[in-house]
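In this note's numbering, each number is its position in the sequence shown, counted from 1, plus 525. For every residue, glycine included, the Cβ atom is placed at its ideal position computed from N, Cα and C. The structure presented is a predicted model; accordingly, all values stated were derived computationally and were not measured.
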Amino acid sequence: MPEFNHDVLILGAGPGGYVCAIRCAQLGLDTAIVEKESALGGTCLRIGCIPSKALLESSHKYEEAAGGLAAHGVDVQGVTLDLQKLMQRKEKVVKTLTGGVSSLMKKNKVKVYQGHASFTGDDRKVAIGDDTVAAKHVVVATGSVPASLPGVDLTQDRIDTSTDALSYTEVPKKLAVIGAGYIGLEMGAVWRRLGSEVVVLEYADRILPGMDAEIAADAKKIFEKQGLSFRLGVKVTGVSATKSGVTIQVDGADPVKADRALVAVGRKPNTDALGLDKLGVTLTDRGQIAVDKQFATNIENVWAIGDVIPGPMLAHKAEEEGVALAEILHTGRGHIDYNAIPGIVYTDPEIASVGQTEEQLKDAGTPYRKGVFPFLANGRARAIDHAEGKVKVLAHAETDRVLGVHIIGPSAGDLIAECAVAMSFGASSEDIARACHAHPTLAEAVKEAALAVDGRALHI
Ligand code: FAD
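Rendered as structure tokens:
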């Protein structure tokens with residue numbers, strides 16, 4: 526029997542793991558992947574990005590049909606909600622895409638093992654059920670799981686994680702969302718649109734901690750107009766559930782009662798029952814697998830990528846790391862520009878961000894110029910009746926290099942792509958401003974914000 530069964534064995538088939546597997550296979554490495562769930566695709570495809578976006582789309586259509594089309598002269602009567610059908614569509618989307626990942630594994634001749642993987646402690650040997658598989662390189666890509674708060678038991682009915690909130694069988698009359706990050710806001714938006722009264726409780730004194738504060742403040746105002754209510758600066762100390770509802774204990778204030786509580790306070794790295802201790806893999810003080818810039822752990826030929834290591838917990842960050850690591854394993858070289866990784870909140874309007882926030886620039890003492898352009902002055906935004914929000918470009922005051930772009934507005938998630946590309950090429954705001962943008966498009970707002978850095982916006 527050969528010493529190793531594979532060149533590379535990847536633990537976890539989320540966007541980090543399966544993309545790493547494809548790239549390893551493209552580079553000619555004998556590659557295998559192990560996944561404990563029956564469907565491939567990880568949190569992202571099964572219980573994260575994809576089902577949440579499917580629900581956001583369906584709930585958006587419902588809200589539009591139930592009154593949002595009148596201004597267009599479209600009169601819709603008798604709108605009803607078939608929640609079961611809405612959920613079935615979401616499940617179909619998930620099934621199609623997770624099936625697509627299985628096909629990609631076959632196409633690329635990646636061997637798929639199904640089962641829970643754990644290190645045996647014997648070099649790079651991994652136990653999968655009754656089998657033991659050895660590989661020259663082992664990549665840990667086991668992702669993350671929902672985090673909780675002290676005094677909050679996520680196993681109780683009505684005290685929910687995002688996974689539960691993706692599959693409610695009836696619309697909660699009142700939903701309390703704990704945490705005003707992107708998952709809480711997206712799931713809050715879904716259930717508000719479908720008819721829930723939604724209150725969002727947040728420990729910080731603002732929503733979307735970590736994103737640009739000006740954009741987050743704009744978002745709060747818009748969401749309030751839509752009917753979300755916020756209680757900021759509140760510390761949740763416990764949640765208790767009965768058969769009919771939940772009571773959320775709040776430090777120094779009256780408890781909040783609701784039908785269900787959605788706990789969306791972040792996610793934690795998934796290192797449970799992996800046998801990392803047997804191998805002596807070092808963790809950070811936040812429980813992530815500690816890696817160097819090349820994704821190497823402290824154990825030779827054991828690597829880690831994605832949500833299980835430090836950095837933003839985003840699918841595309843995990844994917845980039847998967848590709849970079851495959852190239853490192855093959856050629857010794859691989860690189861990611863972490864400063865050009867966009868972050869998007871898929872609410873309506875969308876919120877998108879790349880690079881540094883204005884607060885970060887101020888804290889670092891970096892001299893910058895700022896250009897802002899509102900969608901109110903963009904012809905396409907007016908035509909489609911989505912003229913809320915703005916684009917904000919931050920560029921270095923001396924070199925004009927783009928340091929950050931923050932957008933709240935229609936299709937912000939797509940508009941941010943050109944900004945990420947520009948930043949990857951080290952563009953100046955002048956570069957974006959001088960590039961021809963087609964008319965009438967929402968992207969013209971990006972060009973105008975870049976022009977505004979130099980005080981030369983044309984349409985305002
Ligand atoms: P994961 O996707 O978590 O995959 C890890 C895989 O490893 C899982 O399939 C797991 O079953 C498997 N595994 C774990 N332990 C073992 C073991 N011992 N043996 C075998 N298999 C194992 N990100 C975005 O970029 N955009 C979004 O819009 C977005 N929306 C989200 C919405 C929600 C509700 C949630 C919860 C997350 C969202 N995310 C989004 C985050 C995104 O899902 C994660 O950042 C991404 O999935 C991380 O990829 P990963 O490969 O590191 O891990």
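Measure the beta-carbon distance from T796 to L808 and round it to whole angstroms, keeping in mind my assumption that it falls under 8 Å. 7 Å
Would you list the one or two residues that DSSP bridges to E727? L757
Alpha carbon to alpha carbon, what distance is there between A968 and V930? 13 Å
With H, G and I counted as helix, E and B as strand and the rest as coil, what does DSSP make of Y693? coil
Taking the straight line between their C-alpha atoms, what separation do you get for I732 and A660? 45 Å
State yes or no: is the C-beta of I535 within less than 8 Å of the C-beta of A666? yes
Can you tell me whether DSSP reads D555 as helix, strand or coil? coil
Endpoints, beta strand (DSSP E) assigned at H662: 656-665
How would you label A889, buried or exposed, when you count the other beta carbons within 10 angstroms and need 16 or more for buried? exposed
Through-space distance from Q751 to E589, alpha-carbon basis: 12 Å
For T966, which of R858, R959, P935 has the nearest alpha-carbon? P935
My output table needs one value for D979: the three-state DSSP class, helix, strand or coil. coil
Meets three-Cβ-pair contact criterion under 8 Å: the region 603-616 and the region 689-699: yes
Measuring only from the beta carbon, is A666 closer than 7 Å to any heavy atom that is part of ligand 1? yes
Proximal residues to M526 (C-beta, below 8 Å), its chain only, five neighbours per side dropped: Here the model assigns M526 a pLDDT of 49, short of 50, so the residue's position is not dependable, and the following value carries that caveat. Excluding sequence neighbours, M526 sits near nothing in its chain.
Give me the Cα-Cα distance between M948 and V761, rounded to the nearest whole angstrom. 39 Å
Classification of L919 by the beta-carbon crowding that lies within 10 angstroms, buried from 16 upward: buried
Among M736, A975, D689, nearest to R959 - alpha-carbon criterion: A975
Straight-line Cα distance separating G603 from I866: 44 Å
Beta-carbon contacts of N633 that lie in its chain and below 8 Å, excluding the five residues immediately before and after: A546, I547, A550, Q551, T556
So, helix, strand or coil for V870, using DSSP? strand
Okay, do the region 559-575 and the region 634-649 touch, 3+ Cβ pairs below 8 Å being the bar? yes
How big is the Cα-Cα spacing for K615 and L580? 7 Å
Is it true that the CB of I773 sits closer than 8 Å to the CB of L850? no
If K895 sits next to V978, beta carbons under 8 Å apart, how far is it from one beta carbon to the other, in whole angstroms? 7 Å
Can you tell me the Cβ-Cβ gap for G914 and D743, rounded? I've got them flagged as a contact below 8 Å. 7 Å
Opening and closing residue of the beta strand (DSSP E) in which Q774 lies: 771-775
Which runs of the beta strand (DSSP E), 3 residues or longer, sit entirely within the region 763-850? 771-775, 778-783, 785-788, 792-794, 827-829
Pull up the distance between the alpha-carbon of T686 and that of T924, whole angstroms please. 45 Å
Can the beta-carbon of H921 be found less than 8 Å from the beta-carbon of T891? yes
Contained alpha helix (DSSP H) runs [length at least 4] in the region 913-967, N- to C-terminal order: 937-949, 954-959
Could you spell out the range, first to last residue, of the alpha helix (DSSP H) harbouring Q639? No alpha helix (DSSP H) holds Q639; the beta strand (DSSP E) holding it covers 636-639.
In the DSSP output, which residue or residues are listed as bridge partners for S643? A652
My assumption, with CB atoms under 8 Å, is that V664 sits in contact with N530. Please give the rounded CB distance. Not quite, the Cβ-Cβ distance comes to about 15 Å (not below 8 Å), so this is no contact.
Give the DSSP-derived three-state secondary structure of M526 in the structure shown. Per-residue confidence for M526 stands at a pLDDT of 49, beneath the threshold of 50, marking its modelled position as unreliable; the derived number appears in the next sentence. Residue state, collapsed to three classes: coil.
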